[in-house]
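> Mapped onto this note's numbering, the consecutive letters of the sequence shown carry residue numbers 100 to 313.
Glycine included, every Cβ here is placed at the ideal spot set by N, Cα and C.
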Amino acid sequence: MDFILLGPPGAGKGTQAKLMIDKWNTPQVSTGDILRAAVREGTTLGVEAKGFMDRGELVPDRVVIGIIAERLREEDATDGFILDGFPRTIPQADALQEILDDLGRNIDHVISIEVDDEELVNRLTGRRMCKECGESFHVVFNPSAREGICDRCSGELYQRDDDKEATIRQRLTVYSEQTQPLIAYYEKQGKLRRIEGTGSIEEIFSRVLKAAGN
Ligand code: AMP
């Protein structure tokens with residue numbers, strides 16, 4: 100199965116992707132995670148991407164399209180993948196279609212997770228992530244057992260620079276201007292499945308399963 104998870108920042112795409120990996124045994128491909136790793140490692144890609152990310156803007160299409168073109172050709176993605184955070188613009192969606200045509204495959208489901216803006220701001224300002232393994236927590240809704248320390252790997256938790264309120268508002272504006280048009284784009288192709296993104300993680304996952312025909 101080839102999936103796209105669509106939705107604004109903080110909708111829970113990463114959280115649902117982790118559950119989907121276990122169910123379908125396919126990798127999560129998150130352009131945000133790949134870019135953050137590049138920033139941490141100080142690679143050329145990271146240096147180029149960092150300013151855009153810190154300002155809550157999108158990294159240029161040619162950069163992320165290059166990342167995805169390479170990543171989807173890797174061996175672990177041959178039986179399926181879960182795209183999380185890509186595509187985010189119409190040119191990215193068109194480029195994805197070309198990459199998939201080349202590989203002789205097709206997207207099965209585009210799952211759009213819908214959450215309203217004020218809820219997203221609450222979620223993102225409280226979000227904390229593990230520096231080591233990328234696991235995500237929330238100071239109120241999903242706190243770690245020991246403050247500031249990851250439950251999974253004991254790594255240090257931190258607040259992403261782009262999870263500060265002003266940057267979050269900017270990311271939401273970017274989402275509605277540049278990414279939301281993808282909803283109509285995939286609706287026209289008959290691939291869009293909308294799900295409500297509030298409730299417990301398990302409730303939302305059962306909607307994901309239903310949307311995917313399970
Ligand atoms: P995310 O973790 O998906 O919220 O992504 C964090 C940041 O990485 C975004 O605010 C963008 O600056 C950048 N980014 C991630 N995915 C993309 C993409 N598909 N296109 C452009 N920029 C991206």
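1. Could you give the C-beta distance for I164 and Q191, rounded to a whole number, given that I count them as a contact under 8 Å?
2. Output the distance between the C-alpha atoms of T143 and K149, rounded to the nearest integer angstrom.
3. Between Q127 and F304, how many whole angstroms is the CB-CB distance? I'm expecting something under 8 Å.
4. From S299, D132, R154, L118, pick the residue whose C-alpha is nearest to that of I167; which is it?
5. Under the criterion of a Cβ to heavy atom distance below 7 Å, does P186 qualify as lining the ligand AMP?
6. What residue range does the alpha helix (DSSP H) around Q219 cover?
7. Under DSSP, the alpha helix (DSSP H) around L105 begins and ends at which residues?
8. Please work out which residues of its chain come closer than 8 Å, Cβ to Cβ, to R292, disregarding the five sequence neighbours upstream and downstream, and give them in chain order.
9. Does any heavy atom of the ligand AMP sit closer than 7 Å to the C-beta of V146?
10. What's the gap between the Cα of T125 and the Cα of T272?
11. Taking Cβ positions, are R268 and G109 nearer each other than 8 Å?
12. With respect to 7 Å, is the separation between the Cβ of T130 and the closest non-hydrogen atom of the ligand AMP below this value?
13. With distances taken between CB atoms, is the gap from K112 to G179 smaller than 8 Å?
14. Grouping DSSP H, G and I as helix and E and B as strand, with all else coil, what is F185?
15. Determine, using beta carbons only, whether I294 and E213 come nearer to each other than 8 Å.
16. According to DSSP, simplified to helix, strand and coil, what is I206?
17. Measuring only from the beta carbon, is P108 closer than 7 Å to any heavy atom that is part of the ligand AMP?
18. What's the C-alpha gap between T188 and Y257?
19. For F236, which residues of its own chain have a beta-carbon under 7 Å away from its beta-carbon, when the five flanking residues on both sides are left out?
20. Find out if the Cβ-Cβ distance for the pair V138, M152 is shorter than 8 Å.
21. Following the continuous beta strand (DSSP E) through S235, name the residue where it begins and the one where it ends.
Quick look at the numbers:
1. 6 Å
2. 10 Å
3. Contact doesn't hold; Cβ gap of about 14 Å is too wide.
4. D132
5. yes
6. A small correction: the amino acid at residue 219 is Leu; Gln does not occupy that position in the sequence shown. Taken as a continuous stretch (DSSP letters only), the alpha helix (DSSP H) holding L219 covers 216-224.
7. Element bounds for L105: not the alpha helix (DSSP H) but the beta strand (DSSP E), 101-105.
8. H208, V209, I210, S211, A310, A311
9. no
10. 31 Å
11. no
12. yes
13. no
14. coil
15. yes
16. coil
17. yes
18. 29 Å
19. R227, P242, S243, L256
20. yes
21. 235-237
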